[in-house]
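Below is one structure, written out as structure tokens; the observations come after it.
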Ligand SMILES: [Fe+2]
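Numbering (my numbering), first residue to last: 3 to 362.
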């Protein structure tokens with residue numbers, strides 16, 4: 003009963019495969035004396051049928067058998083029941099055969115004639131190897147799960163930290179409260195209309211939420227000025243794409259699309275934008291999308307010195323500037339998204355109300 007004690011309840015069953023009934027009986031008695039409940043199969047094919055009905059932690063299999071030989075049976079077991087330990091048995095002591103079996107995934111090899119002690123020792127060894135393999139597998143799975151959990155937690159903290167930055171900006175730039183959330187919502191509606199891949203959608207959502215983060219580096223007196231900006235003030239505000247890109251680049255190396263949104267959302271389709279003067283499709287698509295979403299929100303949001311534009315007027319303006327300021331493809335997609343009600347209608351009065359509550 004030594005084996006049973008060492009291996010626990012799971013390992014108390016064994017399948018004996020041999021075309022010689024006398025050999026099966028010998029092995030069965032021997033294993034039964036060790037506390038194993040055994041099933042028998044007279045061929046490789048029969049063994050597969052038995053294994054399909056119930057699982058066994060251990061298979062003792064003869065090598066030379068008609069129909070399906072031991073090596074072929076071993077290959078099937080490795081593929082279909084990889085957790086089953088296989089101990090190969092043959093009448094001839096052949097080193098090459100032993101090597102073949104071990105290479106094929108047998109946990110050990112036994113030659114006839116064998117003694118009771120020999121069988122016991124090899125079975126014990128094979129099952130101990132199996133236990134170690136299963137322990138390893140469980141450890142690896144647990145480790146992978148832990149790493150995945152940790153990295154998910156890290157991502158959440160990272161997103162939360164960047165979100166706080168975006169929120170800090172919106173408190174500083176009080177008249178655009180909610181701007182980044184709305185821009186992100188509009189940008190996602192365009193992207194869905196264009197059927198962008200999920201990986202791009204995630205980065206676009208992130209990038210559009212943070213597109214104006216560089217305004218943190220813009221003087222508050224300029225940011226909240228009541229009225230038109232001077233040329234110098236405008237130039238100062240327009241530094242924000244590069245400031246934002248410099249701020250985020252070290253943190254978002256694996257999010258190039260999101261970074262491109264931050265840097266390039268003020269590029270123009272005709273090449274007269276900033277900061278790099280990119281034109282047409284040289285401007286990353288996510289940035290072209292965000293440019294449309296950003297302008298739409300800017301036009302439809304109220305300012306202290308003016309009301310927000312009506313949706314129809316803002317769309318007309320986007321269409322007028324399609325091909326010069328904006329990518330016509332993105333403008334059309336936004337129009338379609340609006341028509342299909344995929345975009346919530348903006349209400350600048352609600353935005354102003356929230357702004358006043360926040361500022362107060
Ligand atoms: Fe911007």
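No residue lacks a Cβ here, since even glycine has one placed at the ideal position from N, Cα and C.
Keep in mind it's a predicted model, so treat the numbers as computed, not measured.
- Across the set 295, 309, 326, the C-alpha of 295 shows the shortest separation from the C-alpha of residue 317.
- Here the distance from the Cβ of residue 214 to the nearest heavy atom of ligand 1 is below 6 Å.
- Looking at the backbone, the Cα of residue 319 and that of residue 145 are separated by about 55 Å.
- Around residue 127, the same chain offers 110 as residues with beta carbons nearer than 7 Å, after the five sequence neighbours per side are excluded.
- DSSP, reduced to helix, strand and coil, places residue 220 outside both helices and strands of the structure shown, so it counts as coil.
- In the three-state DSSP reduction, residue 328 falls in the strand class (E or B).
- Separation of residue 153 and residue 45 (C-alpha to C-alpha, rounded to the nearest whole angstrom) is 50 Å.
- Less than 7 Å divides the Cβ of residue 247 from the Cβ of residue 264.
- The residues 327, in chain order, have a CB closer than 6 Å to that of residue 270 in the same chain once the five nearest residues on each side in sequence are set aside.
- Residue 103 sits in a helix when the DSSP states are folded into three classes.
- DSSP places residue 245 within a helical segment (H, G or I) once states are collapsed to three.
- The DSSP-derived three-state label of residue 215 is helix.
- When beta bridges are read from the DSSP output, residue 67 appears opposite no residue.
- Taking C-alpha positions only, residue 121 is separated from residue 17 by approximately 14 Å.
- Considering only 199, 108, 59, 32, the residue with the shortest C-alpha distance to residue 85 is 59.
- Restricting attention to beta strand (DSSP E) runs no shorter than 3 residues, the stretch 21-48 encloses them at 39-43, ordered along the chain.
- Assignment of beta-bridge partners to residue 124 by DSSP yields no partner.
- When secondary structure is reduced to three states using DSSP, residue 270 falls in the coil class, being assigned neither helix nor strand.
- DSSP lists 64, 112 as the bridge partner or partners of residue 91.
- Straight-line spacing of the CA atoms in residue 220 and residue 249 works out to 13 Å.
- For the options 171, 191, 203, the alpha carbon positioned closest to that of residue 215 is the one of 171.
- Contact between residue 291 and residue 189 holds, with the beta-carbon distance rounding to 5 Å and staying under 8 Å.
- Burial check for residue 155: the Cβ neighbour count within 10 Å stays below 16, so the residue is exposed.
- The beta carbon of residue 251 sits closer than 8 Å to those of 261, all from its chain and outside the five residues before and after it, given in chain order.
- Residue environment: residue 134 is assigned as exposed (fewer than 16 neighbouring CB atoms within 10 Å of its CB, all protein chains considered).
- For residue 18, the enclosing beta strand (DSSP E) stretches over residues 15-19.
- In its chain, beyond the 5 residues on either side, 111 have a beta carbon closer than 7 Å to the beta carbon of residue 104.
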